[in-house]
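Read left to right, the sequence shown gives residues -9 to 387 (this note's numbering).
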Amino acid sequence: MDTKAFKRSLQHSDNYNRKGFGHQAEVTTQLQSEYHSSLIQEIRDRNYSLQRGDVTIRLAQAFGFCWGVERAVAMAYETRQHFPTERIWITNEIIHNPSVNQRMQEMEVKFIPVETGKKDFSVVDNNDVVILPAFGASVQEMQILHDKGCKIVDTTCPWVSKVWNTVEKHKKIDYTSIIHGKYKHEETVATSSFAGKYLIVLNLKEAQYVADYILNGGNREEFLQKFAKACSAGFDPDQDLERVGIANQTTMLKGETEQLGKLFERTMMQKYGPDQLNEHFQSFNTICDATQERQDAMLELVQHELDLMVVIGGFNSSNTTQLQQIAFEKGIPSYHIDSVERIKSGDAIQHRQLNGELAIAENWLPAGKIVVGVTSGASTPDKVVEDVIEKIFSLKA
């Protein structure tokens, strides 16, 4: 499928909208009332630090809603306002935040049902409106919706679209896209649908395995079994790794993506020689500015003396998990929570561990004077962060 041509035809359709509906002023007021926090603004104004009693809060200098997320949520609100009586669907969570997605349901924006692991688009009629979330949607899903003739509101973050353009460049010159990401993540599913040949690697360990295969060959069946769910149909590691380009899920750790790119650059240089590198390797910068800013702010925050770290964001939010990883590697006791309800008491907090499992930590809030580092993922409203900070203050009061 010529995905570029399809995208062009879709964007020229009368049923397609990616710019909103002219209700920005009303929606901005509504978003401010629902998600803004005067406490968070006060902490910002106090150089990102606030003390009450025995508790000092140190807030990361970049956190919470990014521009792409704010844009997607605002467009979803606009859509409901512009189509007050129509049925509205969304192909995935608008963003990875439970309170925002709950708000979507309250506004009667329905999620496409999933049956036996597949989305059931048969529920959508041609008079319905369908929102594509900030992570985007696969080209196959867009094709189904376009063919149905329903109205499509595309809130895909421009940074995600930039990655799609990159993998399409790889496809055009018959390069395999090596995508740094999680193969199940909605964004990576969408990105891989625009690619030609692709291989998804989760981390440097998997990337090193692929690099070793490029240089030395290996067990083909083992390779295909290892990446069975993370490669394009008919992938052949003995042929499809001769020319590779790098892309990434925008929410992965910036440093790891850069290391991964350098690893494959060295690998192709070693295999084919410096003079042939450009014939076998391509890399474009597709790291999202907002993700990078939040990671840099977290790296700065963990340089301070902190007694513990609270990372706030959806449990399925990749960029929030990466922030938690930074605290973990620094050896700071840290707790990834998605809402204030996870804080049961000063003696118990339910949190998500890096392995994805939920656990209860006891005696998590130390006695006496403490300094608490706080950050939040790009899908987390300031109001949610305020609720958590106020809870910590009250428990230590």
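Note that the Cβ used here is the ideal one computed from N, Cα and C, for glycine as well.
Limits of the alpha helix (DSSP H) - the one that Glu196 falls within
194 to 206
Val120 and Met65 - do their beta-carbons sit closer together than 8 Å?
no
is_contact[Ala15, chain C] using C-beta, thresh 8 Å
Absent here is chain C; the protein component of the structure consists of one chain.
Using 8 Å as the cut-off, can you tell me whether the segment 15 to 28 makes contact with the segment 250 to 262, which would need three or more C-beta pairs spanning the two stretches below that distance?
no
Leaving out the 5 sequence neighbours to the left and right, which residues in its chain are closer than 6 Å to Trp354 when beta-carbon positions are compared?
Ile339
Asn430 to Glu283 span [Cα, whole Å]
This structure gives no information on residue 430, because the portion of the chain shown stretches from -9 to 387.
So, using beta-carbon positions, are Glu331 and Leu29 closer together than 8 Å?
no
Going by alpha carbons, who is nearest to Ile168 out of Ser273, Asn345, Ala317, Glu319?
Ser273
From the DSSP output, read off the bridge partner residues of Arg342.
His326, Leu348
When we look at the beta-carbon of Pro74 and count the other beta-carbons within 10 Å, is it buried (16 or more) or exposed?
exposed
With 16 other CB atoms within 10 Å as the buried threshold, where does Met(-9) fall?
exposed
DSSP state of Phe73 mapped onto helix, strand, coil:
coil
Using the Cβ count rule (16 or more neighbours within 10 Å means buried), how would you classify Glu390?
The structure shown does not extend to residue 390, since the chain is modelled only from -9 through 387, so no value can be given for it.
Reference Gln260; option with closest CA among Asp202, Phe225, Leu40, Thr181
Asp202
Collapsed DSSP secondary structure at Ala237 in the structure displayed
strand
Compare the beta carbon distance of Phe55 and Ala287 with 8 Å and say whether it is the shorter of the two.
no
Check Lys109 in the structure and name its three-state DSSP category.
strand
Within 10 angstroms of its Cβ, does Asp372 collect 16 or more other Cβ (buried), or is it exposed?
buried
Helix, strand or coil for Ile142, going by three-state DSSP, please let me know.
strand
I need the straight-line Cα distance from Phe383 to Val45, nearest angstrom please.
7 Å
Closest to Val113 by CA distance: which of Phe101, Thr106, Ala124 is it?
Phe101
Output yes or no for whether 8 Å exceeds the beta carbon distance between Val234 and Thr166.
yes
Under three-state DSSP, which class holds Gly363?
strand
Give the single residue among Pro148, Ile78, Lys108, Ser151 whose Cα lies nearest to the Cα of Asn116.
Ile78
Considering only residues of the segment 279 to 337, which uninterrupted alpha helix (DSSP H) runs meet the minimum length of 4 residues and lie entirely inside it, listed in chain order?
279 to 291, 308 to 319
So within the segment 113 to 167, which uninterrupted alpha helix (DSSP H) runs reach at least 4 residues, ignoring any that extend past its ends?
129 to 138, 148 to 162
Quick test of your reading: Ala429 and Ile85, contact by CB under 8 Å. State the CB separation rounded to the nearest angstrom.
With the chain covering only -9 through 387, there is no way to say anything about residue 429.
State the DSSP-derived secondary structure class of Leu231, mapped to helix, strand or coil.
coil
Mapping DSSP to helix, strand and coil, what is Gln254?
In the sequence on display, residue 254 carries Phe and not Gln. It is helical.
Leaving out five residues before and five after Ser366 in sequence, what residues of the same chain have Cβ atoms less than 6 Å from its Cβ?
Phe53, Gly54, Ile302, Gly303, Val375
In three-state DSSP terms, what is Ile84?
coil
Can you tell me whether Met94 is buried or exposed, with buried defined as 16 or more other CB within 10 angstroms of its CB?
buried
Tell me the DSSP secondary structure of Gln260 in three-state form.
helix
Cβ shell of Lys152 (< 7 Å), same chain only, five flanking positions each side left out
Thr276
Going by alpha carbons, who is nearest to Ser335 out of Gln198, Lys386, Lys109, Ala317?
Lys386
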